[in-house]
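*Asks:* Protein chains in written order, with my numbering: chain W, 1 to 580; chain B, 1001 to 1580.
Dropping the structure in here first, questions after.
Number of protein chains: 2
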Amino acid sequence: MKSDIAISQAAELRPITDIAVAAGIRTDELIPQGQYKAKLHQKLLKRAATAPQGKLVLVTAITPTPLGEGKTVTTIGLSQGLNTIGQKVMACIRQPSMGPVFGVKGGAAGGGYSQVAPMEELNLHLTGDIHAVTAAHNLAAAAIDARLFHEQKLGDGFEEKNGMKALNFDADSVVWNRVVDMNDRALRRIQIGINEPGKTVNGIERESGFDISAASELMAILALASDLKDLRQRLGQVVLAYSRSGEAITAEQVGVAGAMAAILRDAAQPTLMQTLEGVPTLVHAGPFANIAHGNSSIIADRMALGLADIVVTEGGFGSDMGFEKACNIKARAAGKGPDAAVVVATLRGLKANSGRYDLRPGQALPKAIFEPDAEALEAGFANLKWHIDNAKRYGVPVVVALNRFPDDTDAELNWLADKVAQSGAKVALSEAFAKGGAGATELAKAVVEALAEPAEFTHLYDAEQPIEAKLLTMAEVGYGGRGIDLSEQAKADIERLTKLGYGHLPVCMAKTPLSISHDPALKGVPTDFVVPVRGLRLCAGAGFIYVLTGNVMTMPGLSDKPAYLNIDIDEDGNITGIDE
Amino acid sequence: MKSDIAISQAAELRPITDIAVAAGIRTDELIPQGQYKAKLHQKLLKRAATAPQGKLVLVTAITPTPLGEGKTVTTIGLSQGLNTIGQKVMACIRQPSMGPVFGVKGGAAGGGYSQVAPMEELNLHLTGDIHAVTAAHNLAAAAIDARLFHEQKLGDGFEEKNGMKALNFDADSVVWNRVVDMNDRALRRIQIGINEPGKTVNGIERESGFDISAASELMAILALASDLKDLRQRLGQVVLAYSRSGEAITAEQVGVAGAMAAILRDAAQPTLMQTLEGVPTLVHAGPFANIAHGNSSIIADRMALGLADIVVTEGGFGSDMGFEKACNIKARAAGKGPDAAVVVATLRGLKANSGRYDLRPGQALPKAIFEPDAEALEAGFANLKWHIDNAKRYGVPVVVALNRFPDDTDAELNWLADKVAQSGAKVALSEAFAKGGAGATELAKAVVEALAEPAEFTHLYDAEQPIEAKLLTMAEVGYGGRGIDLSEQAKADIERLTKLGYGHLPVCMAKTPLSISHDPALKGVPTDFVVPVRGLRLCAGAGFIYVLTGNVMTMPGLSDKPAYLNIDIDEDGNITGIDE
């Protein structure tokens, strides 16, 4: 089979204006960006709100493994399958970060014959949204350090000179890093504002750092805002630092929220693209799935639900991560939860989840994982069963998509399909990677059937509860653990955030995706664990508190043989090597 | 009169596709970016090369003052004036940085009724070129630190593991900073790669810093590349650091040049916009005019010269800066120099150049400067005379544009026009700010006359000369000084760069724009000065050596009352306050 980029570049794409017309988008709602991309104007939100509403299908997966379960392939493939059986469908996906494309992984546009195209545009700048997030974020950072510098330099004269109230930053309590869309480990911890002795011309010296842009709270805000007005308000609520008396200092108080909104204005418009089979696809926002909620935007969903009968979207990692956050964070902000869940599973992925293999990053994978092994599969099935039950906990019908790989045997696939059927979920094989939509028609039919079932979406907890109660619910009901273990820091954080008036926000668990628990070593379905809570961080603009249960990496590094070595252009500008 | 943004937002712009058709651009050469912007495809370069070639008019100015001479206003106004009198004309201008928009200044789209529109799009992201420069630059920076880290960590094992030759970076000789399009003084000097004691997970600790993106060598490369192939080659030639044995380490050797080219591919396409009167305008690249050459791109010029009969462009600062560099650096790379020069002068600017006023940044301007003062004007005229003679030195006919301000008297303007005429240049009043093209028809006619004169463009020096000889020519003939004073560092730099094989490159003088000399305190026409040369820096990809004659600021700061305080959006996304 051809490489992803070869398939993508060989595809005969339709002009994006044709895709838009077929999707029911009006000319004045479309802002073309070249031949195959277009921004959708905010005015479409109003029309979509009064149109008949489509159904929202959320694709999730078993606990992720180094093998790749093919969640985006299935999301795109399912949308193509639904299109093939005559449904009016759109897909809504996250925008991949550009930085990691030059690091270890290839593209993130799906794969095989289930891709969003052109894949090199999706994986590079697209329409500039991540650049806008980076710029708006770094403007706020520059504003903090500038204000810190001028208030300190002018002293009492600051208020007199400018007619603005001094904010009295505590330089050690600035919580706003800078960001860059690049894998750059040397920027994780930096000392800024270094001066010649006795000078201050370069600002106030302090320790800080850079995160990758997708980790910016602004990326979460872009994904959770319901429209431009809401975006502007959320930007004002962002807490950048604390004052010497412990009060939160917001972007509104610094006076930078309006300029941030100006920078983000166009980024608030989803980008319309197409799958290889011409299914209209909205690409919008790409927040992390640990320190943020890991789902594409509410604005894109709102537009798509007013245009299509079925909208297929996906959440990051397994159902304990992106799906949970879609239900407890995104659905709350959107006022709308998913109407059905699709859980992607693979034979190899379940075997890897059996706990019988030692799978460490960078090590060669054991061959046995790719061969028939009834015991490993049975042991691994428990993980799938947990994710099925987890999705059901939110009141939505569940369809399991068995993403077939070439060497998979019919015997094992049939055994697995039976087990799923017995567990009360629908099940269908997906061969979307190799066959595109034609390989996903059974899956599409199962999803249509599931959507016809009565369902009542529910959140896992009432956000108005105290923070500690929400954390307990997450640990015990959300993950099946035995409770939480709050560090002294976490207790102090809970007290402080509650006192500051943020106790009503939902919690966003920053935990490993590699286990249902907090501990990546606990495979399958862990039960006897207590979730450690190390600390809590406020994202007042995004509207959640994220909860550290372990170390979280917010700035990746480049390996000793990074992906950029393979990437180049020819004289005509064709890009090569992006998926190698 | 209305504010710039009010005029721009009230203007009835034509769809960019109409502008393109009128300019002779074919549908398949146009890549629309929304309604009022479009990228021009590289394929246009080939067609333009074989078309009849237009004439290139380069707008420059007297020595700049804090008052603003209106060079971009005149550039846009002149193009509108030429259009008004029936010429087939295009304008080519630089893309303004976004960072400074949030700092002290307003927009940079021209002003009044001579603007490129929409001004808020020009001043913010435009079509993402500066973001691409930032990303490509920072990828190279991340690649350096990653390679440094892995080579050090793996030692002899590096070559064995990767099959790549170790580059043996001297960590103290990395010459490649990181960049951000933001005014952020706290990033000027930073310590990166900070680790817990005994750890190396965050890379190798060293001092570094950020420059503003416009100061990136990649911005100069974007402006000087003749096509994609040339861009790719130049990227490979960029010197990032030196090895422990003193050899230059290029981006090609690091293996990152291809990926940088992939990031910059779309940025190599100029952006088509329009003036308020519908003159097609190419916006492309915005390199600094001190450490780089301060002119818009060769690619844009090449396209425009194949489409229009007259192309109006501008160089940064006075004729000793952007104009000189257009002639000695850009023209050499393009194989084409300007066909005529327009020197912009104002009554107030000449008075400010008389040396009779103490004009310091941040201080209120003396009122006398705005009032009739024959003596100050006469003293200041010497500066204009120098710039006229300087432009003539390059063999091109000169037109002086007197940019009228509302309080200027006819008596003084007439006196000045007579003096200019006596000095052998054409002269015309420009009222382009207040009246648009109708206020620049006299200027347009003078330019058409000038273009009909016989002219023979010449460089100031032969680039093959030794570096020191080129510096002497610049100081003595370029500025009228008494020679150069090389520091020990500069001597060592010259020896080293010559030995490394870069002695044949043209020199790019990084000097103050506020005097014809190196010293901002020397007003009017300084003569008895020696240009100090502190050090030389190689830009092997851009193809010049820049020469430090004083401190150069490559990262601005934000003031205590920055411009972002005024900027906001409304619910419909209209941007306010960008020119306040």
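Glycine is no exception: its CB is placed at the ideal position from the N, C-alpha and C atoms.
Predicted, not measured: the structure shown is a model, and the values here were computed from it.
If distances are taken between C-alpha atoms only, which option among W:298, W:72 and W:268 comes closest to residue 133 of chain W?
*Replies:* W:268
*Asks:* Identify the continuous beta strand (DSSP E) that holds residue 1095 of chain B and give its terminal residues.
*Replies:* Per DSSP, residue 1095 of chain B belongs to no beta strand (DSSP E) and is neither H nor E.
*Asks:* In the DSSP assignment, find the alpha helix (DSSP H) that holds residue 1339 of chain B and state where it starts and stops.
*Replies:* No alpha helix (DSSP H) contains residue 1339 of chain B, which DSSP labels as neither H nor E.
*Asks:* Which of helix, strand or coil does DSSP assign to residue 1185 of chain B?
*Replies:* helix
*Asks:* Short of 7 Å Cβ to Cβ, which residues in the region 1091 to 1115 of chain B face chain W?
*Replies:* So the list reads 1098 and 1102, given in the order they occur along the chain.
*Asks:* My guess is that residue 1353 of chain B and residue 1335 of chain B are in contact by the Cβ rule of under 8 Å, so how many angstroms apart are they, rounded?
*Replies:* About 34 Å separates the beta carbons of residue 1353 of chain B and residue 1335 of chain B, which is beyond the 8 Å limit, so they are not a contact pair.
*Asks:* Would you mind telling me which residues of chain B sit closer than 7 Å to residue 150 of chain W, beta carbon to beta carbon, in chain order?
*Replies:* 1560, listed in chain order.
*Asks:* Relative to the alpha-carbon of residue 233 of chain W, which residue among W:546, W:431 and W:542 has its alpha-carbon at the smallest distance?
*Replies:* W:542
*Asks:* Ignoring anything shorter than 4 residues, give me the alpha helix (DSSP H) runs that lie fully in the region 421 to 447 of chain W, in order along the chain.
*Replies:* 432 to 435
*Asks:* For residue 150 of chain W, which residues in the same chain have their Cβ closer than 7 Å to its Cβ, ignoring the five residues on either side in sequence?
*Replies:* 158
*Asks:* For a contact defined as C-beta to C-beta under 7 Å, what are the partners of residue 263 of chain W on chain B?
*Replies:* 1124
*Asks:* Measure the Cβ-Cβ separation of residue 506 of chain W and residue 388 of chain W and say whether it is below 8 Å.
*Replies:* no
*Asks:* Would residue 1240 of chain B pass as an interface residue toward chain W - the criterion being a Cβ-Cβ separation below 8 Å?
*Replies:* In terms of beta-carbon proximity, residue 1240 of chain B stays away from the interface with chain W, with every pair separated by 8 Å or more.
*Asks:* Please return the same chain residues whose Cβ sits closer than 6 Å to the Cβ of residue 326 of chain W, not counting the five positions on each side in sequence.
*Replies:* These residues qualify, in order along the chain: 58, 295 and 315.
*Asks:* Any beta carbon of chain W sitting closer than 8 Å to that of residue 1161 of chain B?
*Replies:* yes
*Asks:* Looking at the unbroken beta strand (DSSP E) that takes in residue 1178 of chain B, where does it start and where does it end?
*Replies:* 1178 to 1180
*Asks:* Output the boundary residues of the alpha helix (DSSP H) element that contains residue 1149 of chain B.
*Replies:* 1129 to 1154
*Asks:* Given a cut-off of 8 Å on the beta-carbon distance, is the pair residue 1479 of chain B and residue 1517 of chain B in contact?
*Replies:* At a Cβ-Cβ threshold of 8 Å, residue 1479 of chain B and residue 1517 of chain B count as neighbours.
*Asks:* Chain B partners of residue 87 of chain W, CB-CB under 8 Å?
*Replies:* The premise fails here: residue 87 of chain W is roughly 31 Å from chain B at the closest Cβ pair, so nothing lies under 8 Å.
*Asks:* If you count every other CB in all the chains shown that lies within 10 Å of the CB of residue 1363 of chain B, and 16 or more means buried, which is it?
*Replies:* exposed
*Asks:* Mind pulling the chain W residues with CB within less than 8 Å of residue 1564 of chain B?
*Replies:* 139, 143, 255, 256, 258 and 259
*Asks:* Strictly by DSSP, which residues pair up with residue 530 of chain W?
*Replies:* Partner(s): none; residue 530 of chain W has no beta bridge.
*Asks:* May I ask which residues mark the beginning and end of the beta strand (DSSP E) holding residue 950 of chain B?
*Replies:* Any property of residue 950 of chain B remains undetermined from this structure, which presents chain B solely from 1001 to 1580.
*Asks:* Any beta carbon of chain B sitting closer than 8 Å to that of residue 183 of chain W?
*Replies:* yes
*Asks:* Candidates W:546, W:358 and W:366: which alpha carbon is nearest residue 474 of chain W's?
*Replies:* W:546
*Asks:* Whole angstroms is fine: what's the gap from residue 586 of chain W's alpha carbon to residue 154 of chain W's?
*Replies:* Chain W is shown from 1 up to 580; residue 586 of chain W falls before or after that span and cannot be answered.
*Asks:* For residue 1132 of chain B, return the contacting residues in chain W, with the cut-off set at a CB-CB distance below 7 Å.
*Replies:* 125
*Asks:* Per DSSP, residue 585 of chain W forms a beta bridge with which residues?
*Replies:* The first residue shown for chain W is 1 and the last is 580, placing residue 585 of chain W beyond what the model contains.
*Asks:* Along the chain, which unbroken stretches of the alpha helix (DSSP H) at least 4 residues long are found entirely within the region 181 to 267 of chain W?
*Replies:* Runs of the alpha helix (DSSP H) inside the region 181 to 267 of chain W: 217 to 224, 228 to 237, 251 to 254 and 257 to 264.
*Asks:* Please report whether the beta-carbon of residue 1480 of chain B lies at a distance below 8 Å from any beta-carbon of chain W.
*Replies:* Residue 1480 of chain B does not count as touching chain W.
*Asks:* In this structure, does DSSP put residue 65 of chain W in helix, strand or coil?
*Replies:* Coil, per DSSP.
*Asks:* In whole angstroms, give me the CA-to-CA distance for residue 1519 of chain B and residue 1533 of chain B.
*Replies:* 12 Å
*Asks:* Which residue comes first and which comes last in the beta strand (DSSP E) that contains residue 1073 of chain B?
*Replies:* Careful: residue 1073 of chain B lies outside any beta strand (DSSP E), inside the alpha helix (DSSP H) at 1071 to 1084.
*Asks:* Using a Cβ-Cβ cutoff of 7 Å, what residues of the region 1222 to 1248 of chain B are near chain W? List them in chain order.
*Replies:* Within the region 1222 to 1248 of chain B, the residues whose Cβ lies closer than 7 Å to some Cβ of chain W are 1228, 1229 and 1232, listed in chain order.
*Asks:* Chain W beta carbons: is any one of them nearer than 8 Å to that of residue 1012 of chain B?
*Replies:* For residue 1012 of chain B, not one C-beta of chain W is nearer than 8 Å to its own C-beta.
*Asks:* Between residue 84 of chain W and residue 99 of chain W, what straight-line distance do the alpha-carbon atoms span, to the nearest angstrom?
*Replies:* 35 Å
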